[in-house]
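In this note's numbering, the protein residues as written are 10 to 380.
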């Protein structure tokens, strides 16, 4: 691959997801609390596979649009930006791409030292250099968002994600390329031991022979690794464009606010390319695409119905409990979707309501015939 390459449809959709998420993430972390007057002393974004900053046909790479959208954010006047307080760290291993990225950022924004935030463009390896750079910049003890957006093999040691997970108010996004799950003959066992925390954690996924189950096995294995690293919540999903190959993402956070912000970003992504976010747990249902999060159409998305059925197969629950499960365990569904799903399932005869009166979030529901 040369210095520049074409922008794939799935990558373009992923970039829109990042943009939407960061539009919410920056003001949450940078605005002064109206209730307490507290302002976080420092916030760091780490893009550890930064790339050259531009694609073959001129589309912006992640470092360019990350910086651009921050500086032009609608709430920028309330964020108290300063080079001491806001750090953007871009790491790129390839020399030519690193030089191209520096030139792109300088051409677009002028002298980086004159910006109202600190921008560090480093040539280095994501797995080896992320922790030392974060330490050098004094990032620990304050929020960090680590984006590990590799197109090839993910080679970021579990120790890196563990350190970020145990840092307060911090999150990670990890991307797997379209062919990552099918190149198991190229396995470097020692690297995988570092990424997943030992042979026993990843060997079952490596042994999965069914092609359509292989990506689910590896994605679930990495999600489990983020859980062991210390992230209280982990979302896993496949981003499927109308054309081209899918991408696979795992998101780790410790907060409900982070979960909701990521899911709301998914629902806001423009569907002009026909992309959808699929949950690895679903096998029979294909999602209808990106619906408006507040849509009140009569029919529920088949994926939502399948997921609620899976939850109720574990035992009866209140609608509120089902909603909480949708938030913390599924790729894109929110608590507000639970009541709508159960209402349709009751009409279809596929769920039993065990509480008298009107169906509410407090109603107990189960699969028909379940105790």
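C-beta: ideal position from N, C-alpha, C; glycine also.
Contact check, residue i vs residue j, beta carbons under 8 Å
{"i": "residue 250", "j": "residue 284", "result": "yes"}
{"i": "residue 16", "j": "residue 64", "result": "yes"}
{"i": "residue 347", "j": "residue 366", "result": "no"}
{"i": "residue 274", "j": "residue 33", "result": "yes"}
{"i": "residue 240", "j": "residue 209", "result": "no"}
{"i": "residue 82", "j": "residue 148", "result": "no"}
{"i": "residue 131", "j": "residue 138", "result": "yes"}
{"i": "residue 260", "j": "residue 244", "result": "yes"}
{"i": "residue 326", "j": "residue 238", "result": "no"}
{"i": "residue 268", "j": "residue 337", "result": "yes"}
{"i": "residue 313", "j": "residue 350", "result": "yes"}
{"i": "residue 88", "j": "residue 43", "result": "no"}
{"i": "residue 189", "j": "residue 201", "result": "no"}
{"i": "residue 370", "j": "residue 362", "result": "no"}
{"i": "residue 342", "j": "residue 368", "result": "no"}
{"i": "residue 289", "j": "residue 187", "result": "no"}
{"i": "residue 73", "j": "residue 114", "result": "yes"}
{"i": "residue 90", "j": "residue 118", "result": "no"}
{"i": "residue 94", "j": "residue 36", "result": "no"}
{"i": "residue 169", "j": "residue 136", "result": "yes"}
{"i": "residue 215", "j": "residue 287", "result": "no"}
{"i": "residue 24", "j": "residue 71", "result": "yes"}
{"i": "residue 198", "j": "residue 213", "result": "no"}
{"i": "residue 129", "j": "residue 110", "result": "no"}
{"i": "residue 231", "j": "residue 183", "result": "yes"}
{"i": "residue 345", "j": "residue 18", "result": "no"}
N-terminal and C-terminal residue of the beta strand (DSSP E) that residue i is part of
{"i": "residue 98", "result": "95-101"}
{"i": "residue 128", "result": "127-132"}
{"i": "residue 317", "result": "Element bounds for residue 317: not the beta strand (DSSP E) but the alpha helix (DSSP H), 311-322."}
{"i": "residue 157", "result": "153-158"}
Paired residues, beta bridge with residue i - DSSP
{"i": "residue 261", "result": "181, 243"}
{"i": "residue 163", "result": "None, per the DSSP bridge assignment."}
{"i": "residue 287", "result": "247"}
{"i": "residue 326", "result": "374"}
{"i": "residue 383", "result": "Here the chain covers residues 10 to 380 and nothing more, so residue 383 does not appear."}
{"i": "residue 256", "result": "248"}
Residue span of the alpha helix (DSSP H) that contains residue i, given as start and end
{"i": "residue 205", "result": "198-205"}
{"i": "residue 32", "result": "18-39"}
{"i": "residue 217", "result": "Looking at the DSSP string, residue 217 is not in any alpha helix (DSSP H), and its letter there is neither H nor E."}
{"i": "residue 175", "result": "Here residue 175 belongs to no alpha helix (DSSP H), and DSSP marks it neither H nor E."}
{"i": "residue 109", "result": "104-118"}
{"i": "residue 142", "result": "135-145"}
Residue i CB to nearest heavy atom of the ligand NAD below 7 Å
{"i": "residue 29", "result": "With respect to small molecules bound, the structure shown includes none, and the ligand NAD cannot be examined in it."}
Check whether the segment 270-280 touches the segment 218-235, taking contact to mean three or more Cβ pairs, one atom from each stretch, closer than 8 Å.
The segment 270-280 vs the segment 218-235: no contact.
Touch test, the segment 57-71 against the segment 312-321, Cβ-Cβ under 8 Å, three pairs minimum:
When Cβ pairs closer than 8 Å are counted between the two stretches, the segment 57-71 is seen not to touch the segment 312-321, the count staying below three.
Could I get the ranges of all uninterrupted beta strand (DSSP E) runs contained in the segment 46-72, with 3 residues as the minimum, in chain order?
Within the segment 46-72, the complete beta strand (DSSP E) segments of 3 residues or longer fall at 52-56, listed in chain order.
State whether the segment 147-164 contacts the segment 40-56, with contact taken as three or more CB pairs (one from each stretch) at a distance under 8 Å.
A contact exists between the segment 147-164 and the segment 40-56.
Just checking, does the segment 122-130 make contact with the segment 12-29 on the three C-beta pairs under 8 Å criterion?
No, they do not touch.
Complete runs of the alpha helix (DSSP H) confined to the segment 335-361 [at least 4 residues]:
Listed in chain order, they are 346-357.
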